[in-house]
Amino acid sequence: SQTIHQWPATLVQPVGSPLSLECTVEGTSNPNLYWYRQAAGRGLQLLFYSVGIGQISSEVPQNLSASRPQDRQFILSSKKLLLSDSGFYLCAWSITGINEKLFFGSGTQLSVL
Amino acid sequence: GIQVEQSPPDLILQEGANSTLRCNFSDSVNNLQWFHQNPWGQLINLFYIPSGTKQNGRLSATTVATERYSLLYISSSQTTDSGVYFCAVVSWNQAGTALIFGKGTTLSVSS
C-alpha cells in the first residue's frame, strides 16, 4: 500500500533562516505531488504541484520554492524565512487516472519567530 | 479561477444528531472530494465524488454537478466526527490537476 512521509512534524525557525521540508511517497510510481499551506483557522492554499521529476508549477508568488529531485521526493525550501511564512504545511500525492483521490501527509507546523 | 464556498462555517451538535454540510462551486468540475481534518491536523480523504451519491458507514455524499453543489451527510454524529470538513474541486477549465479547497466547515460534536 502507499504511504506518505513528511518531516519534521514541528519546526521553529528565526526570521531570515533557511528552510527545507521533505516529503516522500512509497508504494507508487510517478505520483502527482503537492505542497499546501494552511494558516491558522483557515483553508488550504495550494503552493506548488509537480507531475514529474523536475516539473514544478507554482500557484502563488512568494518566498518559497519547491524541487522534485526524485520521482517520489518533493522538497519545499526557502532561502530566508519571513514571519508570514508561519503555518501548517501539508504534502500530498495523487495518481492521474479515473479516481484521482488526494492523500495527505501528517503536516509540518512551522513557526517563524 | 473556480470559487468554492462551504456552509455553514461552523456547526455545533449534540451526539446522535444528523447534519448536512454544503459545498457550492462556480464552474463545472471533473473532480470533487470531501476531507475531514481531525483536531491534530491530519487530513483524511472521505469521498471522491464528482457526481452521484456514495455512502460509507454513517457518512454519505451527493454531488449534483449540473447544479454545481455537493452535500455531505453525517448521521448519528459522534464526538470523533469533530473537526473541519473541506470540500475541494478541480474544474474542467482549470489548468493543472491540483485541488482547490473551500474554507471548510468546523464541526463540534459534544456528548
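Taken in sequence, the protein lines are chains A and B.
With this note's numbering applied, the first sequence corresponds to residues 1 to 113, in that order.
With this note's numbering applied, the second sequence corresponds to residues 1001 to 1111, in that order.
Where is the CB? At the ideal position from N, CA and C, for every residue including glycine.
With respect to chain B, the C-beta atom of Glu22 (chain A) has no partner C-beta closer than 9 angstroms.
The C-alpha of Val1090 (chain B) is placed about 5 angstroms away from the C-alpha of Asn1031 (chain B).
Pairing Ser1075 (chain B) with Thr24 (chain A), the inter-Cα distance amounts to about 36 angstroms.
Among the CB atoms of chain A, one or more fall inside 9 angstroms of the CB of Val1090 (chain B). Residue environment analysis places Asn63 (chain A) among the exposed positions, since fewer than 16 neighbouring C-beta atoms fall within 10 angstroms of its C-beta. Inter-segment contact for the segment 1007-1021 of chain B and the segment 1098-1110 of chain B is present: three or more beta-carbon pairs are separated by less than 8 angstroms.
For Ser20 (chain A) against Ser86 (chain A), the beta-carbon gap comes to about 16 angstroms, at or over 8 angstroms, which does not count as contact. Contact annotation: Val112 (chain A) and Pro14 (chain A) have beta-carbon atoms nearer than 9 angstroms.
By the CB criterion at 9 angstroms, Tyr1069 (chain B) and Ser1019 (chain B) fall outside the cutoff. What Asn32 (chain A) touches in chain B, judged by beta-carbon distance under 7 angstroms, is Thr1097, going in chain order. For Leu1059 (chain B), there are no neighbours in chain A by C-beta distance under 7 angstroms, as the nearest C-beta there is about 15 angstroms away.
9 angstroms or more divides the Cβ of Leu44 (chain A) from the Cβ of Glu59 (chain A).
By the neighbour-count criterion, in which 16 or more other beta carbons inside 10 Å mark a residue as buried, Gln1014 (chain B) falls on the exposed side. Chain-ordered, the chain A residues with CB closer than 9 angstroms to the CB of Asn1045 (chain B) read Lys101, Leu102, Phe103, Phe104. Rounded to whole angstroms, Tyr1085 (chain B) and Glu26 (chain A) show a C-alpha spacing of 27 angstroms. Identification of chain B residues near Arg42 (chain A) by a Cβ-Cβ cut-off of 7 angstroms yields Lys1103, ordered along the chain. 9 angstroms or more divides the Cβ of Thr1053 (chain B) from the Cβ of Thr1066 (chain B). For Asn1031 (chain B), the C-beta contacts it makes with chain A under 7 angstroms involve Glu100, in order along the chain.
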